[in-house]
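In my numbering, the protein residues as written are 17 to 138.
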């Protein structure tokens with residue numbers, strides 16, 4: 017097996033399924049492991065690798081593939097922005113005494129409204 021480790025000055029990034037940026041280098045590779053002295057090595061070629069090193073056999077680490085997931089729910093960035101916008105509007109209305117806490121939307125109502133907005137045809 018012939019693997020060449022490339023010493024890169026600049027690391028390319030890509031996004032996982034949830035939209036989070038992941039650097040394409042030995043740090044984020046599934047083949048990385050730490051030896052008994054705590055030094056980072058490639059499991060394929062057993063060479064010491066640096067933070068910006070990479071090769072053609074790079075695979076995203078399973079933990080990074082799951083970044084952004086919570087048990088049972090996917091927390092998408094656009095959903096989080098949507099909730100933040102609604103909650104900030106509600107906060108202003110609460111401070112101005114225009115609504116009460118009981119009139120604020122529940123998490124279920126927010127999810128339903130977000131789903132309708134996402135799948136609405138303009």
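Positions of the beta carbon are idealized from the N, C-alpha and C atoms, including for glycine.
Bear in mind the structure is a predicted one, so any value in this text is a computation, not a measurement.
inquiry  = Is it the case that the segment 26-42 contacts the segment 64-77, given that we only count it when at least three CB pairs across the two stretches are under 8 Å?
reply    = yes
message = Going by C-alpha to C-alpha distance, which of 58, 106, 52 sits closest to residue 45?
response = Translated into positions along the chain shown, residue 45 becomes position 29. Nearest option by C-alpha distance: 58.
inquiry  = Using 8 Å as the threshold, is the C-beta distance between residue 120 and residue 106 below it?
reply    = Taking the first residue of the chain shown as 1, we reach residue 120 at position 104. Taking the first residue of the chain shown as 1, we reach residue 106 at position 90. Cβ distance < 8 Å, so residue 120 and residue 106 count as in contact.
query = For residue 99, which option in 124, 83, 113 has the closest C-alpha, if you only look at C-alpha atoms?
reply = Mapped onto the chain shown, residue 99 falls at position 83. Checked all of 124, 83, 113; the closest Cα to residue 99 is 124.
request  = Could you tell me if the beta carbon of residue 106 falls within a distance shorter than 7 Å of some heavy atom in the ligand GDP?
outcome  = The ligand GDP is not among the ligands present in this structure, which contains no ligands whatsoever.
key: Straight-line gap, residue 62 to residue 75 (C-alpha atoms, nearest Å)   = Numbered from its first residue, the chain shown carries residue 62 at position 46. Numbered from its first residue, the chain shown carries residue 75 at position 59. If you draw a straight line from the Cα of residue 62 to the Cα of residue 75, it comes to about 16 Å.
request  = Classify residue 93 as helix, strand or coil using the three-state DSSP reduction.
outcome  = Taking the chain shown and counting its residues from 1, the one referred to as residue 93 is at position 77. Correct three-state label for residue 93: helix.
Inter-residue Cα distance where the pair is residue 97 and residue 131 = Reading the chain shown from its first residue, position 81 is the one you call residue 97. Reading the chain shown from its first residue, position 115 is the one you call residue 131. Distance between the alpha carbons of residue 97 and residue 131: 14 Å.
ask   = Between which two residues does the beta strand (DSSP E) containing residue 37 stretch?
value = By 1-based counting over the chain shown, the position of residue 37 is 21. For residue 37, the enclosing beta strand (DSSP E) starts and ends at 37-39.
query = Apart from the five residues just before and just after residue 33, which ones in its own chain have a Cβ nearer than 6 Å to its Cβ?
reply = Your numbering for residue 33 matches position 17 in the chain shown. Cβ within range, chain order: n/a, list empty.
message = On the CB-based measure, 16 or more other CB atoms within 10 Å of its CB, does residue 79 come out buried or exposed?
response = The residue you call residue 79 lines up with position 63 of the chain shown. It is exposed - the Cβ of residue 79 has fewer than 16 other Cβ atoms within 10 Å.
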